[in-house]
Amino acid sequence: MLNPTLLQPTLEVAATRTSSAAAATVVSRSSIASGTQQATGPYCVISKPCVLGLIAKEAQVPLPRYTLESLLALQQFSRNERTAHLLHNLKQGVAICGYELQCYPFGFASQPSVKHVVDNYLQDFQDISELQESMGDNIVWSPEVKAVMSGIFTRHKGTMIDIARGVLEFQESLRSQYDA
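Just so we're aligned: the sequence shown equals residues 580 to 759 in the numbering used here.
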């Protein structure tokens with residue numbers, strides 16, 4: 580497991596490209612682990628806690644381990660209880676996947692295909708969070724839940740291909756940096 584104190588992702592705002600050797604300059608760098616980062620962007624809105632911070636916080640909690648008996652015990656839950664259980668664990672799972680992809684070293688997460696996958700995980704987390712917030716304590720299987728699940732499924736159809744493409748992009752970027 581990753582050491583969260585060493586590899587906490589950061590929110591970086593890069594300046595425009597200069598004409599000389601420096602490709603981009605970091606203008607602002609702040610930890611997103613607090614969950615209350617006030618930044619702007621597609622996943623950070625001024626009036627709400629930063630989604631990236633919430634993901635970092637959620638990713639620190641390990642997913643529960645299931646045995647065959649515990650999975651069979653889920654049959655005794657009502658449909659609504661299973662829906663709440665699914666949403667909770669799915670939200671935690673996408674948070675862990677998105678967070679850990681961001682934590683890979685040497686700029687792997689900066690490859691376009693990997694960024695696309697991370698953006699999908701961020702969108703999943705945001706969709707599930709909004710759904711849970713709108714339903715409150717009354718989580719029921721509904722067309723809204725089905726739409727969110729379908730959206731997640733559709734977004735992740737090509738995840739393995741995107742990661743494989745990201746590995747190739749990463750290898751090419753390393754090759755271009757060190758073979759020159």
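Cβ atoms here follow ideal geometry from the backbone N, Cα and C, with glycine treated the same way.
Using only alpha-carbon positions, find the residue among the options that is nearest to residue i.
i      : options                           : result
Leu666 : Gln705, Gly686 and Val693         : Gln705
Asn717 : Ser657, Asn699 and Cys682         : Ser657
Ser692 : Tyr757, Ile675 and Glu748         : Glu748
Ala743 : Asn668, Lys636, Gln690 and Thr662 : Gln690
Ala635 : Glu679, Arg661, Gln654 and Ala652 : Glu679
Tyr700 : Val746, Gly737 and Glu660         : Gly737
Leu642 : Glu648, His664 and Ala652         : His664
Kindly list the residues whose CB is nearer than 7 Å to the CB of residue i, restricted to its own chain and excluding five residues on each side of it in sequence; keep chain order.
i      : result
Gln702 : Arg734
Gly677 : Ile634, Val697, Tyr700, Leu701 and Phe704
Ser713 : none
Val719 : Asn659 and Thr662
Gly730 : Asp706
Residue i by DSSP, collapsed to three states: which one?
i      : result
Asn717 : coil
Thr646 : coil
Gln690 : coil
Ser708 : helix
Ser657 : coil
Phe732 : helix
Pro722 : helix
Cys676 : helix
Tyr700 : helix
I'd like the span of the alpha helix (DSSP H) that includes residue i, first residue to last.
i      : result
Ala638 : Val630 to Ala638
Gly745 : Thr738 to Tyr757
Excluding sequence positions up to five away, which residues of its chain have a Cβ less than 8 Å from the Cβ of residue i?
i      : result
Leu753 : Phe685
Ser708 : Val630, Leu633 and Lys670
Met739 : none
Gly672 : Leu642
Can you list, in chain order, the residues of its chain with a C-beta nearer than 6 Å to that of residue i? Leave out the 5 residues immediately preceding and following it.
i      : result
His695 : Asp741
Glu660 : none
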